[in-house]
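One structure below.
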Amino acid sequence: MNEMAPAHQPGPQHSTQVLDGTPALRRLFGRAAVASVAKRRAQDKRLPASSADAAALVPPARFALRQVTADAGELTRFQHHVGESATDRLPVSYVHVLGFPLTLKVMTDADFPLPPLGMVHTANRVQVHRLPSLDEPLDLTAFTRTLAPHRRGTVAEIGLTVHSGRELLVEETSVYLAKGVRLFSDGGEQEAQAEQKANARGQSGRDEFEPPEPAALWRFSPVDVRRYAALSGDANPIHTNPLAARAFGFPRTIAHGMYTAARALALQAPGGAGWQWAVRFAAPVVLPATVAAGFAEPGDRSGLVAWHRRSGKPHLWSNITPLD
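If you read the sequence shown in UniProt numbering, its first letter stands for residue 1, the second for the next number, and so on.
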């Protein structure tokens, strides 16, 4: 059994606010739109900080829900939509859905320094000590782990912990990039130099990618993505509204990164306890699209890559490894 222990807490002393109920996502998305405008204006007036002071910028707020249980019907519909088997164990992709309102609550909090709308989900890391069961009351807590400079802006890592009583079941870190928003006056140079060297050699990650033999083909339509938005509660308009998608630089609406990741996880089908799941997102899935998925090594489901069937551009890498 994993005893409850405080998660990594950089910066000021954290305070946990236990919410009476799950935050309404539509209200949070409305708040995100207002907050994004205000925070971008504030950023224009703020002097950039040194990356050495990053810990001091991490907001202290932690938001929690207690005794959360999954709905059997909603779980079954989600499992069916992403290709999971219908079992009474919650897939990690559904645990992410349960925690998403808290994640958005963190990013719309007044002390969170980045504009929540327009942030790009670049990676996701999950440690699975044990998968929750359907009827198991869960305690969820979300918070900002870190803020860091990036060559294209600022990166925020949002943490989510899931407990059953005192047993730690799942730890998740969602990585978001706020493009063009620079909290720091330095940092990101090593990434920029590596990218420049790769481009000079004509060897960017995209050029080097060679897809493996396809193991599955996934069709993503606007209807499919709207269905995922309804099941997950993630109604970010870049996924459902063509005008909003164009406003953020996409030619059409795009699929949720976690929808593609959930399909990948279902195909990899990890079982048991004591494993971790790492997802790295690349090109967004612009709708409609047919996405191919294959395993990095034949006969080994631990490493999977998904790519656009026609263009060959990679969409994500998904890796399952044992916990240390």
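Every residue gets a Cβ at the ideal spot worked out from N, C-alpha and C, and that includes glycine. Predicted, not measured: the structure shown is a model, and the values here were computed from it.
Enclosing beta strand (DSSP E) for residue i [first to last residue]
i	result
F143	L138 to H150
V181	Unbroken run through V181: none, as it is neither H nor E.
L316	P314 to P322
L19	Segment: none, L19 is in no beta strand (DSSP E) and carries neither H nor E.
residue 330	Nothing can be reported for residue 330: it is not among the residues displayed for the chain, which extend from 1 to 324.
residue 326	Only positions 1 to 324 of the chain appear in this structure, which leaves residue 326 out of reach.
R66	A61 to V68
Neighbour-count burial assignment, residue i, 16 or more Cβ in a 10 Å radius
i	result
V37	exposed
H163	buried
D139	buried
L217	exposed
L267	buried
V92	buried
L265	buried
Q203	Note on Q203: pLDDT 40, under 50, position unreliable in the model; no value is reported.
V34	exposed
A200	At A200 the pLDDT is 45, less than 50, meaning the model places this residue with poor confidence; the figure from the coordinates comes in the next sentence. By the neighbour-count rule (16 or more Cβ atoms within 10 Å), A200 is not buried but exposed.
V18	exposed
A194	Confidence at A194 is low in this model, with a pLDDT of 48, below 50, so the placement of that residue is unreliable and no value is reported for it.
R31	buried
K179	exposed
T141	buried
T253	buried
L243	exposed
P298	exposed
P251	exposed
Host alpha helix (DSSP H) of residue i (start-end)
i	result
K105	V92 to T108
A56	A54 to L57
V82	A72 to V82
CA nearest to the CA of residue i, picked from the options
i	options	result
P270	N236, V126, K105 and G99	V126
S185	L168, E167, T154 and S164	T154
L169	G180, W275 and A64	W275
R16	F29, K105, F248 and R246	According to the sequence shown, residue 16 is Thr rather than Arg. Closest by alpha carbon: K105.
L90	P101, L134 and G165	L134
Q67	G165, V58, D88 and V82	G165
T103	T144, R130 and H81	T144
Q79	V95, A24, H308 and P212	V95
D111	L183, L57 and V181	L57
E136	A70, P314 and A247	A70
P23	S85, H81, T108 and K39	T108
G21	K179, V305, P101 and P59	P101
L25	L231, S174, T87 and E167	L231
F209	T240, F29 and S311	S311
A278	G257, A54, V285 and P284	G257
R219	T122, A306 and L117	A306
R151	P284, R182, P237 and F29	R182
H121	P214, S221, V82 and I238	I238
A235	A72, P59, E74 and L117	L117
Beta carbon of residue i nearer than 8 Å to that of residue j
i	j	result
G233	L160	no
L114	A156	yes
R280	L323	no
V225	Y176	no
E213	G294	yes
H308	A296	no
### Every unbroken alpha helix (DSSP H) within the UniProt domain "MaoC-like" (220 to 299), with a cutoff of 4 residues, ordered by chain
Within the UniProt domain "MaoC-like" (220 to 299), complete alpha helix (DSSP H) segments of at least 4 residues are found at 222 to 232, 242 to 247 and 257 to 268, given in chain order.
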